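Asker: Can you keep this structure in mind? I'll have questions shortly.
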Amino acid sequence: MKIQETSSNYDVIIVGAGIVGCAMARRFTLEGASVLVLEKSTDILDGASKGNSAILHTGFDAPPNSVEHGCIVEGYQEYIQIRAKLNLPLLETGALVTAWTHAEENLLEGILAKAQLNGVVDAKLLSAKQTLLLEPELSSQVKAAIHVPREFVIDPWTAPTVYMLQAIKNGAKLLRNAEVKSGEFNGDYWLLKTTRGSVKCSTVINCAGLYGDKLDALLLNKTSFEIRPRKGQFLVYDKAASRLIKSIILPVPNDITKGVVVCRTAFGNVLVGPTAEEQQSRDDASVTRDALNALKAKGIEIIPALANLPITATYAGIRPATQFKDYCIERFDDKNYISVGGIRSTGLTGALGIAQYVFKMYSSASKKHQPLGSPLYPSVIPIAESEKRDWKQKGNEGIVCHCEWVTQREIKKALTGVMPAGSLEGLKRRTRVTMGRCQGFYCSAQLSQLTEGYFKEPIAKPVKGGVNE
Amino acid sequence: MNNIPKSCEVAIIGSGPAGLSTAIALKKQGIKDVWVIERFGDAGGNPRHCGHSPFGMREFKRVYFGPKYAKQLVKTALKQGVKIALNTTVVSIEKGGLLTLSTEEGVKTLNAKSVVLSTGIREKPRSVRLISGQRPLGIMTAGALQSMVYLSENKPFERPVIIGSELVSFSSVATCRHASIKPVAMIEENARPTAWAFLSLYPRLQGVKFLNKTRLVEIIGKKRVEAVRVETASGQLETIQCDGVIFTGQFTPEASLARLGHLDIDTLSNGPLVDQFGRCSDTRFFASGNVLRPVETAAWCWQEGIDTAQHIVSSLNQTLDVNEKNIKIATRSPVIKFCVPQRLSYTQDIKKVDLQIRLTRKAKGLLGLYAKNIKICEKRISGLPERRIIMTISVDEMKLIFSSKENLELRFEGS
Ligand SMILES: Cc1cc2nc3c(=O)[nH]c(=O)nc-3n(C[C@H](O)[C@H](O)[C@H](O)COP(=O)(O)OP(=O)(O)OC[C@H]3O[C@@H](n4cnc5c(N)ncnc54)[C@H](O)[C@@H]3O)c2cc1C
Ligand SMILES: Cc1cc2nc3c(=O)[nH]c(=O)nc-3n(C[C@H](O)[C@H](O)[C@H](O)COP(=O)(O)OP(=O)(O)OC[C@H]3O[C@@H](n4cnc5c(N)ncnc54)[C@H](O)[C@@H]3O)c2cc1C
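Chains A and B supply the protein sequences, listed in that same order.
Taking our numbering, the leading residue of the first sequence gets 207, the next gets one more, and so forth.
Taking our numbering, the leading residue of the second sequence gets 782, the next gets one more, and so forth.
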């Protein structure tokens, strides 16, 4: 379906519906701007935002006074403020930065000092004994730890989805399957050519994540950063593993990565990961046997009892890292263009803060908008374990996915409405269907029927002439 | 039919061959109030979508295809007065026999004097096998394919590869044929098929290449499967063009209720830990059928259900001892995949006990059951993985075990 929308002139066009684009759309809409979001994929959250560790960071170990640190702090606060109204979960886990060697133990003081500097004053040093008292299943090899009580876990898909839904509910438009191919700025407005037609706006905000530098090059003929994709692979353990730990178990980080984390998820599983692997490809999120085996060994080293628990799933995400440590957020005044790049490994937490930061940057130069007086709130069926899941409610039409207890009503709802799932992956992110321990053994048949006609890439096709006996 | 009461005498979770036969046998023995809880919209369990034979020889003295067999089981159960609650998922079990159920009307609870877990098995999906690659469409287990083809008349691919060579792998060749799907190859790491050797002729007859000593290394494709990379016997990497991957076999018990609940799990079988009566670590709970161990035929599970019913009746009549003290059977040899039951309960009325054993690899030698260093019994074996091995402990040997009161260890000597 082609569109010719050049008649309507949006205040802003946001390119990219990753976590950052979703939060951006919400902020600008609530501030009264007219917003169009362009996403090249069949669904939102299909780039870097596909797979992460889902930690809501306090920023205790972020570089002090960096843009990143500021956005994490603001993002964290806003999440806590809005989550009840948006029905978003919070798993109040706390985190332990664990030292396993004497060398690592010696680094803890420095980490604690940095945490203090970053305003995380409730971080505390624990002895090995205290650490094990808090987490008895942790390997007794642990030397010491820092407890960061307000480091939490959230639902990495529903949060950005709800940001986007709230934007749409309050007037924003989202176009999927719309890749920006070229653009022209005439001094007043931008004309963008996309795979779904041309669109017009005053300001462009680049939230293209893994393709941020490419989009800058395409529209500005220059870019001040270069994306260096860094893949992270994960193992997901059976829900039974969630009894083993309470806290997020972090290692002592190094310069390149936060290291392998063991933590619970909002869905009741336990994660082990991520790896940190530099690669050329921006969309090859392959898992590899060797890395997965290494993660398995690492997980067991940290929590020995994991050895007896089954693995449920594996996945990988790609960080839009750059040559710089900090986020690359820049305004190009002469072009009415803001580039939001290199939101590397803290974007889930930072997104709401980044959106505030960018809006401030924008409003200091652009026309003023009237913020919405009483914004509307979307209603979504929550998928986190802690929430009022649909299978507990009347009229749920029965469970389809028997591992994650996803109901038929939830699936139907995710396939319809203002932002229906555009692919099986999108449906999974909205409902968790097939993401449990059987990975589709029990529900694929019913799912192939329920989704018939909804996806560009269908799960299955009818057998011509029926099945022969 | 879904008027589930607040309480009942026996609640059976799962309406496969094991669950239904337990229920039928219980009714025959005069237990009034027997409820079978099934999460799917129709009863019968796994055979519902096994569009092939043989089923039913032992139970009905004739050969059925899976779906007919399932219908026959259900008919028999209903005739006996078994009550079946469909579209009802048991989401958790608790001490005291309390089940939490999810139904279309929301959450309900059911309190039972005895509970039977007969929740069956599932195949190990790609994720557990730690296979490299992205997540394109077209990757599934044989069971998922079967239900897709037989229950919803859909097909997810045209030219898949089949991974594994267990019986179920061959049954998926049949499934493919029914849906005019043409598998390109069957891939097996070992030298010979896991199922009986002559069966390797079967897929060949269907025009499917059998590649032995070949290991799947990577799945290629982003949106849909485009090819797989395999490592051949000579260590070479080869690419096979295909549009799907069927992971077959490597069954694992669907024991998550037990695992997430309060019951002990055997880390070898991955099913609930049971005694010779099929009693779990909480003796109000029993287990029967494939949830005990991967994997047996429907007929075997059927018989297991009948035996379990007998023990439940004794338990309800309080003629089955509830002595918490019992004897553990440890298994430490890497050759032994599992041994079920994993413990023996003391009883007045001592009976022989069959141990169900599987091997992890082809092996030849002597299985021995030891109390400390005294050999209680032994069995000479020469077998392949996934094949049924039964080691019988005689009544006299059981008496010896009970008088020695020592925990047992199952050992293997040989090659
Ligand atoms: C392994 C890993 C672990 C992580 N753990 C955490 C964590 O625990 N906590 C945390 O806070 N953060 C975490 N993150 C970080 C977080 O996931 C990222 O910062 C975030 O996903 C970045 O989102 P984005 O919107 O910038 O990019 P993306 O998600 O890549 O979004 C960009 C979007 O733009 C679209 N696009 C690109 N080019 C065009 C075009 N030309 N036209 C139209 N659309 C276009 C893409 O399709 C894409 O959907 C982690 C990340 C990874 C990879
Ligand atoms: C692909 C394939 C081919 C096979 N071919 C043959 C063959 O040719 N001949 C043969 O003899 N055997 C065959 N088998 C084996 C046979 O299907 C099994 O032996 C038999 O079905 C096991 O019976 P069961 O009662 O233990 O479990 P199942 O038949 O698996 O039944 C378990 C039931 O429990 C239900 N359940 C599970 N959890 C819950 C819960 N929480 N709440 C409510 N309900 C629940 C499930 O929905 C299911 O209906 C095959 C198996 C497979 C997978």
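Backbone N, C-alpha and C define an ideal beta-carbon position, used for all residues, glycine too.
Keep in mind the model is a prediction, meaning the values are calculated, not measured.
I want to see whether chain A comes within less than 8 angstroms of GLY795(B), judged by CB atoms only; does it?
Answerer: Here residue 795(B) corresponds to residue number 14 of the second sequence, with the count starting at 1. Chain A contact via Cβ: absent.
Asker: Can you check DSSP and say which residues form a bridge with TRP611(A)?
Answerer: By one-based count along the first sequence, residue 611(A) stands at place 405. DSSP, once it has assigned bridges, lists no residue as partnering TRP611(A).
Asker: So for ASN993(B), helix, strand or coil by DSSP?
Answerer: The residue given as residue 993(B) occupies position 212 in the second sequence. DSSP places ASN993(B) in coil when its eight states are reduced to three.
Asker: Do THR299(A) and LYS452(A) have their C-beta atoms within less than 8 angstroms of each other?
Answerer: Within the first sequence, the letter at position 93 stands for residue 299(A). Within the first sequence, the letter at position 246 stands for residue 452(A). Result yes, Cβ atoms of THR299(A) and LYS452(A) sit closer than 8 angstroms.
Asker: In whole angstroms, what is the alpha-carbon distance linking ALA1144(B) and LEU1165(B)?
Answerer: The residue you call residue 1144(B) lines up with position 363 of the second sequence. The residue you call residue 1165(B) lines up with position 384 of the second sequence. Taking the straight line from one Cα to the other gives about 6 angstroms.
Asker: Can you give the Cα-Cα distance for ASN324(A) and VAL273(A), rounded to whole angstroms?
Answerer: Your numbering for residue 324(A) matches position 118 in the first sequence. Your numbering for residue 273(A) matches position 67 in the first sequence. One Cα belongs to ASN324(A), the other to VAL273(A), and the distance between them is close to 12 angstroms.
Asker: I'd like to know whether the C-beta of THR518(A) is nearer than 8 angstroms to at least one C-beta of chain B.
Answerer: Counting from one through the first sequence, the residue named residue 518(A) turns up at place 312. For THR518(A), the answer is yes, since a Cβ of chain B falls inside 8 angstroms of its Cβ.
Asker: Does at least one heavy atom of ligand 1 sit under 7 angstroms from the Cβ of TRP664(A)?
Answerer: On the first sequence, position 458 is the one that residue 664(A) refers to. Looking at the sequence itself, residue 664(A) is Pro, so the reference to Trp does not match. Incorrect: PRO664(A) has no Cβ contact closer than 7 angstroms to ligand 1.
Asker: Leaving out five residues before and five after ASP361(A) in sequence, what residues of the same chain have Cβ atoms less than 6 angstroms from its Cβ?
Answerer: The residue given as residue 361(A) occupies position 155 in the first sequence. The answer, listed in chain order, is PRO295, ALA472 and ALA590.
Asker: Would you grab the beta carbon distance between GLY415(A) and VAL226(A) for me? Rounded to a whole angstrom, and I think it's under 8 angstroms.
Answerer: The residue given as residue 415(A) occupies position 209 in the first sequence. The residue given as residue 226(A) occupies position 20 in the first sequence. About 7 angstroms separates the two Cβ atoms, so the contact holds.
Asker: Taking ASP496(A) as part of the alpha helix (DSSP H), name the residues at either end of that continuous run.
Answerer: One-based indexing of the first sequence puts residue 496(A) at position 290. Taken as a continuous stretch (DSSP letters only), the alpha helix (DSSP H) holding ASP496(A) covers 495-508.
Asker: Based on DSSP bridge pairs, tell me the residues matched to ASN1154(B).
Answerer: Taking the second sequence and counting its residues from 1, one reaches residue 1154(B) at position 373. BP columns for ASN1154(B) are empty, so no partner.
Asker: Can you give, in chain order, each stretch of the beta strand (DSSP E) that sits fully within the stretch 577-607 of chain A and has at least 3 residues?
Answerer: Annotation: the stretch 577-607 of chain A contains the following complete segments of the beta strand (DSSP E) (minimum length 3 residues), in chain order: 605-607.
Asker: Identify whether VAL221(A) lies in helix, strand or coil by the three-state DSSP scheme.
Answerer: Numbered from its first residue, the first sequence carries residue 221(A) at position 15. Of the three classes helix, strand and coil, the one that applies to VAL221(A) here is strand, per DSSP.
Asker: What are the boundary residues of the beta strand (DSSP E) that VAL354(A) is part of?
Answerer: Within the first sequence, numbered from 1, the residue matching residue 354(A) stands at position 148. For VAL354(A), the enclosing beta strand (DSSP E) has its first and last residue at 350-354.
Asker: Let me know the secondary structure DSSP gives SER545(A) once reduced to three states.
Answerer: Counting from one through the first sequence, the residue named residue 545(A) turns up at place 339. Here SER545(A) sits in strand by DSSP.
Asker: Quick check: is the beta carbon of PRO1053(B) nearer than 8 angstroms to any beta carbon in chain A?
Answerer: On the second sequence, position 272 is the one that residue 1053(B) refers to. PRO1053(B) does not count as touching chain A.
Asker: How big is the Cα-Cα spacing for THR613(A) and SER1037(B)?
Answerer: As a first step, residue 613(A) is located in the first sequence; it is residue number 407 there, counting from the start. As a first step, residue 1037(B) is located in the second sequence; it is residue number 256 there, counting from the start. Computed Cα separation, rounded: 19 angstroms.
Asker: Note down, in chain order, each residue of its chain lying with its Cβ closer than 7 angstroms to the Cβ of ARG434(A), except the 5 sequence neighbours on either side.
Answerer: On the first sequence, residue 434(A) is found 228 positions in, with the first residue counted as 1. Hits under 7 angstroms: GLU484, ALA527, THR528 and GLN529.
Asker: Which residue wins for smallest C-alpha separation from LEU653(A), given the options GLY672(A), VAL669(A), TRP611(A) and CYS607(A)?
Answerer: Position 447 of the first sequence holds residue 653(A). For the options GLY672(A), VAL669(A), TRP611(A) and CYS607(A), the alpha carbon positioned closest to that of LEU653(A) is the one of CYS607(A).
Asker: Keeping to the same chain, check which residues put their C-beta closer than 6 angstroms to that of LYS813(B); ignore five residues upstream and five downstream.
Answerer: Here the question's residue 813(B) lines up with position 32 in the second sequence. Excluding residues within five positions, none has a Cβ falling inside 6 angstroms.
Asker: From which residue to which residue does the alpha helix (DSSP H) around ASN312(A) run?
Answerer: The residue you call residue 312(A) lines up with position 106 of the first sequence. That run of the alpha helix (DSSP H) goes 308-323.
Asker: Using 8 angstroms as the threshold, is the C-beta distance between LEU997(B) and VAL1009(B) below it?
Answerer: Numbered from its first residue, the second sequence carries residue 997(B) at position 216. Numbered from its first residue, the second sequence carries residue 1009(B) at position 228. Yes, these two residues count as a Cβ contact at 8 angstroms.
Asker: What residues of chain D sit near THR1048(B), judged by a beta carbon separation below 8 angstroms?
Answerer: Absent from the structure: chain D. Protein chains present are A and B.
Asker: Name the residues in the stretch 1167-1184 of chain B whose C-beta lies less than 7 angstroms from a C-beta of chain A; which are they?
Answerer: Answer set for the stretch 1167-1184 of chain B: empty.
Asker: If you reduce the DSSP assignment to three classes, tell me which class PRO848(B) lands in.
Answerer: Translated into positions along the second sequence, residue 848(B) becomes position 67. DSSP places PRO848(B) in helix when its eight states are reduced to three.
Asker: Hey, TRP396(A) and GLY389(A): beta-carbon distance below 8 angstroms or not?
Answerer: Here residue 396(A) refers to the residue found at position 190 when the first sequence is read from its first residue. Here residue 389(A) refers to the residue found at position 183 when the first sequence is read from its first residue. In contact: TRP396(A) and GLY389(A) (Cβ atoms closer than 8 angstroms).
Asker: Give, in chain order, every residue of the stretch 463-480 of chain A whose Cβ lies closer than 7 angstroms to some Cβ of chain B.
Answerer: none
Asker: DSSP beta-bridge partners for MET967(B)?
Answerer: Counting from 1 along the second sequence, the entry for residue 967(B) is found at position 186. Note: MET967(B) is bridge-paired with ILE943(B) and PHE991(B) in the DSSP secondary-structure output.
Asker: Label LYS787(B) either buried or exposed according to how many other C-beta atoms from any shown protein chain fall within 10 Å of its C-beta, with 16 as the threshold for buried.
Answerer: As a first step, residue 787(B) must be located in the second sequence, where it is residue number 6. With fewer than 16 Cβ atoms within 10 Å of its Cβ, LYS787(B) is classed as exposed.
Asker: Would you kindly report the start and end of the unbroken beta strand (DSSP E) that includes VAL1121(B)?
Answerer: Counted from its first residue, the second sequence places residue 1121(B) at position 340. VAL1121(B) -> beta strand (DSSP E) spans 1117-1121.
Asker: Residue range of the beta strand (DSSP E) that PRO534(A) falls in?
Answerer: On the first sequence, position 328 is the one that residue 534(A) refers to. The amino acid occupying residue 534(A) in the given sequence is Cys; Pro does not appear at that position. Residues 534-538.
Asker: Kindly identify the DSSP beta-bridge partner or partners of GLY523(A).
Answerer: Here residue 523(A) refers to the residue found at position 317 when the first sequence is read from its first residue. Its beta-bridge partners are GLY438(A).
Asker: Using a cut-off of 9 angstroms between C-beta atoms, extract the partners of TYR931(B) located in chain A.
Answerer: Residue numbering aside, residue 931(B) sits at position 150 when the second sequence is read from its first letter. ALA651 and VAL673, listed in chain order.
Asker: Per DSSP, which residues does ILE454(A) bridge with? Please list them.
Answerer: Within the first sequence, the letter at position 248 stands for residue 454(A). DSSP output for ILE454(A) lists ALA301(A) as bridge partner(s).
Asker: What span of residues does the alpha helix (DSSP H) with ARG958(B) cover, start to end?
Answerer: Here the question's residue 958(B) lines up with position 177 in the second sequence. Note, ARG958(B): alpha helix (DSSP H), 948-959.
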